[in-house]
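Asker: Once you've had a glance at the structure underneath, I'll fire off some questions.
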Amino acid sequence: MSSVPLLLDIKNLHVHFIVYGGRLRVLDGINFYMHDGEKVGLVGETGCGKTTTMKTILRVLPMPPAHIPQGEIFFKGRDILKMNNTSLQQVRGRGIAMIFQDPTAALNPVFNIGEQMGAVIKHSAIRGKRSSHQEVHQQAISSLQEVALADPERLLRSYPIQLSGGMRQRVCIGMALSTRPELLIADEPGTSLDVTIQDQVLRLIRTLVEEKNTSIILITHTLGIVRELTDRVYVMYAGNMVEVAPTKKLFANPRHPYTQGLLSTVPRLTGGGIASGIPGRIPDYLNPPAGCRFHPRCTYVMDICRAQKPALFRPDQDHEVACFLYQDQPKDATTP
Amino acid sequence: MTEQVNLRRDYSSKLTIQQIKQMERESRRQNLGRSWYKFSRNPLSVVGIAMVLILVLLAIFAPYVTPYPKHAQAFTDFANAKLPPSWQHLFGTDQIGRDILTRSIFGLRSSLLMGVVVLVLVVPIGVLLGLLAGYFQGTWIDTIIMRITDIFLSVPPLILALAIASVLEPNLWNGMMAVSLMWWPWYTRLVYGLGVALRNEYFVTSAEVTGASTAHILFREILPNTISPILTKMSLDVAWVIIIGSMLSFVGLGVQPPEPSLGTMIADGARYLPDQWWIAVFPALVIVIVVLGFNLLGDGVRDMFAAEEI
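Just so you know, the protein sequences line up as chains U and W, in that order.
One point on numbering: in this note's numbering, the residue at position 158 of the first sequence is 158, and numbering is uninterrupted.
One point on numbering: in this note's numbering, the residue at position 62 of the second sequence is 398, and numbering is uninterrupted.
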């Protein structure tokens, strides 16, 4: 590892939710890292903990039900989980920004776009330097311009309810990027929009991220988008990272049975109709299966899978997979 | 892709600061216009606001508009006692010869003052506590605030007010304190419920991840979304506070004679029912009109904040 700290480095993160009935072990020892300027994809089915991971990074999980028994999240070498409120507020926004799935809910209904963008711009301005009314206005306009919205002057005086879903999503992206973050977390951007708008939104994110050289974590169900937009992909299953690889390698040669299943669910124009998918569903987090959490659904299940949690094995340079099928391969030195 | 490139042209605002401010003023005026449109669509709301305005003006200018301002204080005129309504005394006179119309309008003063002062004391405290408890739901802040609220809510409110008012020296100000003490938990409860729902909204999370301070989230993200139920409740509560205040003075724990108060007047007049009915009935009627006016106004406020049906 080089002396320059990684942009983001999550080590052995556990997140539990304490609810009636017991303890939901939602994140079970997540390891995740990314370099500055990298574009990383995070895929996995609904309920596997993608959003929980991202919310933990920004510490916006409601903490009474949620509970972090162990783990560290280093952002540029500083542990986010140990930060005080002031440092945390500085990391949020200028360090890490987030775009949410539902653009309608992410805008405050009682303020117009100008007022909301103004608040973000004023907040993200360099401390001590006060921007004039006109500067804020101009900056808001250029942010709206960047996300390809026409007639920004009128838009600034509009309320969220007066905009279409696609426009709102663009406003959210513009707002998130107006703080000039080093890392952008896009949590299923545009999933609630129709496919053509979703496509536009994703292309827009790609253009902006490339222009500004922002690092991005893209969370999505749509594997085609991951293939097109990212350098490296993490595959998540039931609170575990099961496979990590450069995007091309992962799509060409998926190793983990879950990844193989996930990729086979993509409907193809050629070939025999709708794929079979993976039978079964995400396990109960209250009593997760012992050993590998995927074993009840796995076609290659072995005795060891039921007893022991697989470490990350490295079947290939920069390709890591948590599956005993690859236990003969050299073990990753960084994991226990 | 090409379409996007075309849209993303350089555009810099050519507006001056005056023009920007002018546009902002204009949109504020539009908002006011829309609010009045929605408020006034129900004619009864307009009647309500007119009633309230007239009552408030009467109360403010009581010494100038009443026929016998002297009768508001200690005054006796046994020769003219218990006169039925006439042109000289529209509401008649009471058992010691004072003009009931005059005393009702002066009584209105303390009633309205009570309504306003109680809400001015209660709303900021109740709302602030509710916001804090709602935003920090599940933490010790929530527990402390809401359990104290529960304690106050578990005591029958009128009994609590009576107890407080009787321990303290009975007068208008202590009556107000007593009513305020039993009233704030309702606002805390209301805002707590709204706050718990709002804090999980994505726009709040969105503000959090942008690095907004707790104060910004409480007062700029959550509070503005709770304004409409708060204002609606306030406009209806004025009437309730006036009723409770009148109850206190009815049992002798509010405004003390000879200072006029609607509750005391009803209590005094009740002894002369049914023969000299006007002594009790007219002050009671004034209370009815005040309460009706504020209720109609409250309905209008509720309509004003309701989403527009298209």
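For every residue, glycine included, the Cβ atom is placed at its ideal position computed from N, Cα and C.
Just so you know, these numbers come straight off a predicted model, no measurement behind them.
Taking 7 Å as the limit between beta carbons, can you name the residues of its chain near Trp614 (chain W), skipping five residues before and five after?
Answerer: Position 278 of the second sequence, counting from 1, holds the residue named residue 614 (chain W). Hits under 7 Å: Pro420, Pro421, Phe427, Gly428, Ile436.
Asker: Report yes or no: is there a C-beta of chain W within less than 9 Å of the C-beta of Cys172 (chain U)?
Answerer: Locating residue 172 (chain U) in the first sequence gives position 172, where the first residue counts as 1. It does: the Cβ of Cys172 (chain U) has a partner Cβ on chain W nearer than 9 Å.
Asker: With Ser192 (chain U) and Asp102 (chain U) assumed to form a contact (beta carbons below 8 Å), what rounded beta-carbon distance in angstroms separates them?
Answerer: Residue numbering aside, residue 192 (chain U) sits at position 192 when the first sequence is read from its first letter. Residue numbering aside, residue 102 (chain U) sits at position 102 when the first sequence is read from its first letter. Contact between Ser192 (chain U) and Asp102 (chain U) holds: CB atoms are separated by about 5 Å, below the 8 Å threshold.
Asker: If you run the structure through DSSP and keep just helix, strand and coil, what is Thr104 (chain U)?
Answerer: Here the question's residue 104 (chain U) lines up with position 104 in the first sequence. In the structure shown, Thr104 (chain U) sits in coil (DSSP, three-state: anything other than H, G, I, E or B).
Asker: Whose C-alpha, out of U:Pro296, U:Met54, U:Arg157, is nearest the C-alpha of Gln358 (chain W)?
Answerer: Along the second sequence, read from residue 1 onward, the residue named residue 358 (chain W) stands at position 22. Closest option to Gln358 (chain W), Cα to Cα, is U:Arg157.
Asker: Identify each residue in the region 566-578 of chain W for which the Cβ-Cβ distance to at least one residue of chain U is less than 9 Å, and report them in chain order.
Answerer: none
Asker: Give every residue of the same chain whose Cβ lies closer than 6 Å to the Cβ of Ser564 (chain W), excluding the five residues on either side of it in the sequence, and list them in chain order.
Answerer: Walking along the second sequence from the start, residue 564 (chain W) turns up at place 228. Correct list, in chain order: Phe641.
Asker: Taking 9 Å as the cut-off, decide whether the C-beta atoms of Met98 (chain U) and Leu58 (chain U) are in contact.
Answerer: By one-based count along the first sequence, residue 98 (chain U) stands at place 98. By one-based count along the first sequence, residue 58 (chain U) stands at place 58. Yes. Within cutoff.
Asker: Assuming Pro181 (chain U) is part of the alpha helix (DSSP H), what are its boundary residues?
Answerer: Position 181 of the first sequence, counted from the first residue, corresponds to residue 181 (chain U). First-last for Pro181 (chain U): undefined, no H or E at that position.
Asker: Pick out the complete alpha helix (DSSP H) segments inside the region 535-591 of chain W, 4 residues or longer, and give them in chain order.
Answerer: 538-545, 563-586
Asker: With DSSP as the reference, label Tyr608 (chain W) as helix, strand or coil.
Answerer: For the purposes of this step, residue 608 (chain W) is identified with residue 272 of the second sequence, where counting begins at 1. If DSSP states are grouped into helix, strand and coil, Tyr608 (chain W) belongs with coil.
Asker: Could you give the distance in angstroms between the alpha-carbon of Leu6 (chain U) and the alpha-carbon of Gln355 (chain W)?
Answerer: Counted from its first residue, the first sequence places residue 6 (chain U) at position 6. Counted from its first residue, the second sequence places residue 355 (chain W) at position 19. Their backbone Cα atoms lie some 47 Å apart in a straight line.
Asker: Which residues in chain W sit within 7 Å of Gln327 (chain U), going by Cβ to Cβ distance?
Answerer: To locate residue 327 (chain U), count along the first sequence from 1; it is residue 327. Those within 7 Å of Gln327 (chain U) in chain W number zero; the least Cβ separation is about 40 Å.
Asker: Mind listing the chain W neighbours of Asn108 (chain U)? Cutoff is C-beta to C-beta under 9 Å, in chain order.
Answerer: Numbered from 1 along the first sequence, position 108 holds the residue referred to as residue 108 (chain U). Here the neighbours are Glu537, Phe539, Val540, Ser542, Ala543, Arg556, Glu557, Pro560, Asn561.
Asker: Let me check one thing: in DSSP terms, what residues is Leu27 (chain U) bridge-paired to?
Answerer: As a working note, residue 27 (chain U) is residue 27 in the first sequence. DSSP, once it has assigned bridges, lists U:Val15 as partnering Leu27 (chain U).
Asker: Please determine if the region 463-479 of chain W and the region 618-633 of chain W are in contact, where contact requires at least 3 C-beta pairs separated by less than 8 Å.
Answerer: no
Asker: Could you tell me which chain W residues have their CB closer than 8 Å to the CB of His133 (chain U), listed as they occur along the chain?
Answerer: By one-based count along the first sequence, residue 133 (chain U) stands at place 133. Near His133 (chain U) (Cβ distances below 8 Å), the residues of chain W are Ile353, Ile356, Lys357.
Asker: Report yes if the C-beta of Val110 (chain U) is less than 8 Å from at least one heavy atom of the ligand SAM; otherwise report no.
Answerer: As for the ligand SAM, it is missing from this structure, which has no ligand bound.
Asker: Ends of the beta strand (DSSP E) at Tyr234 (chain U)?
Answerer: Here residue 234 (chain U) refers to the residue found at position 234 when the first sequence is read from its first residue. First-last of the beta strand (DSSP E) with Tyr234 (chain U): 232-237.
Asker: Would you check if the region 522-531 of chain W and the region 598-618 of chain W touch, i.e. whether three or more CB-CB distances between them fall below 8 Å?
Answerer: no
Asker: Quick one: Cα of Lys406 (chain W) to Cα of Thr412 (chain W), how far?
Answerer: In the second sequence, the residue the question calls residue 406 (chain W) occupies position 70. In the second sequence, the residue the question calls residue 412 (chain W) occupies position 76. Spanning the two alpha carbons is a distance of roughly 10 Å.
Asker: May I have a chain-ordered list of the alpha helix (DSSP H) segments no shorter than 4 residues that lie completely inside the region 186-222 of chain U?
Answerer: 195-212
Asker: Spell out the partners DSSP gives Tyr33 (chain U) in its beta bridges.
Answerer: What you label residue 33 (chain U) is simply residue 33 of the first sequence in a count that begins at 1. For Tyr33 (chain U), which the question treats as bridged, DSSP gives the partners U:Asp9.
Asker: What are the partner residues of Asn240 (chain U), as DSSP defines its beta bridges?
Answerer: For the purposes of this step, residue 240 (chain U) is taken as the residue at position 240 of the first sequence. Note: Asn240 (chain U) sits in a beta bridge opposite U:Tyr237.
Asker: For the region 89-107 of chain U, which residues have a beta carbon sitting closer than 8 Å to at least one beta carbon of chain W?
Answerer: Of all residues in the region 89-107 of chain U, Gln89, Gln90, Val91, Arg92, Gly93, Arg94, Ile96, Ala97, Met98, Phe100, Asp102, Ala105, Ala106, Leu107 have a Cβ within less than 8 Å of some Cβ in chain W.
Asker: How about Val91 (chain U) and Ile219 (chain U): do their beta carbons lie closer than 9 Å?
Answerer: By one-based count along the first sequence, residue 91 (chain U) stands at place 91. By one-based count along the first sequence, residue 219 (chain U) stands at place 219. A distance of 9 Å or more separates the beta carbons of Val91 (chain U) and Ile219 (chain U).
Asker: Would you call the region 131-139 of chain U and the region 201-217 of chain U in contact, with 3 or more CB pairs under 8 Å?
Answerer: no
Asker: Going by DSSP in three states, Ala322 (chain U) sits in which element: helix, strand or coil?
Answerer: Against the first sequence, residue 322 (chain U) aligns to sequence position 322. Looking at Ala322 (chain U) - three-state DSSP - the assignment turns out to be coil, as it is neither helix nor strand.
Asker: Would you kindly check if the distance between the Cβ of Val15 (chain U) and the Cβ of Thr46 (chain U) is under 9 Å?
Answerer: For the purposes of this step, residue 46 (chain U) is taken as residue 46 along the first sequence, with counting starting at 1. For the purposes of this step, residue 15 (chain U) is taken as residue 15 along the first sequence, with counting starting at 1. No, the pair does not count as a contact, with Cβ atoms beyond the cut-off.
Asker: Decide if the region 567-579 of chain W is in contact with the region 440-458 of chain W; the criterion is three or more beta carbon pairs, one per stretch, under 8 Å apart.
Answerer: yes
Asker: Just the C-alpha distance for Pro619 (chain W) and Met601 (chain W), rounded to the nearest angstrom, thanks.
Answerer: Counted from its first residue, the second sequence places residue 619 (chain W) at position 283. Counted from its first residue, the second sequence places residue 601 (chain W) at position 265. Rounded to whole angstroms, Pro619 (chain W) to Met601 (chain W) spans 7 Å at the Cα level.
Asker: So what does DSSP say about Phe75 (chain U), is it helix, strand or coil?
Answerer: Residue numbering aside, residue 75 (chain U) sits at position 75 when the first sequence is read from its first letter. Three-state result, Phe75 (chain U): strand.
Asker: Would you kindly report the start and end of the unbroken alpha helix (DSSP H) that includes Ile113 (chain U)?
Answerer: Position 113 of the first sequence, counted from the start, is the residue given in the question as residue 113 (chain U). Segment 113-124, the alpha helix (DSSP H) holding Ile113 (chain U).
Asker: Just checking: is the beta-carbon of His123 (chain U) within a distance shorter than 9 Å of some beta-carbon in chain W?
Answerer: Along the first sequence, one-based indexing puts residue 123 (chain U) at 123. Answer yes: the Cβ-Cβ gap between His123 (chain U) and chain W drops below 9 Å somewhere.
Asker: Would DSSP call Leu468 (chain W) helix, strand or coil?
Answerer: Residue 468 (chain W) sits at position 132 when you count from the first residue of the second sequence. Here Leu468 (chain W) sits in helix by DSSP.
Asker: Are any of the Cβ atoms in chain W nearer than 9 Å to that of Ala389 (chain U)?
Answerer: Any question about residue 389 (chain U) goes unanswered here, given that chain U covers just 1 to 336.
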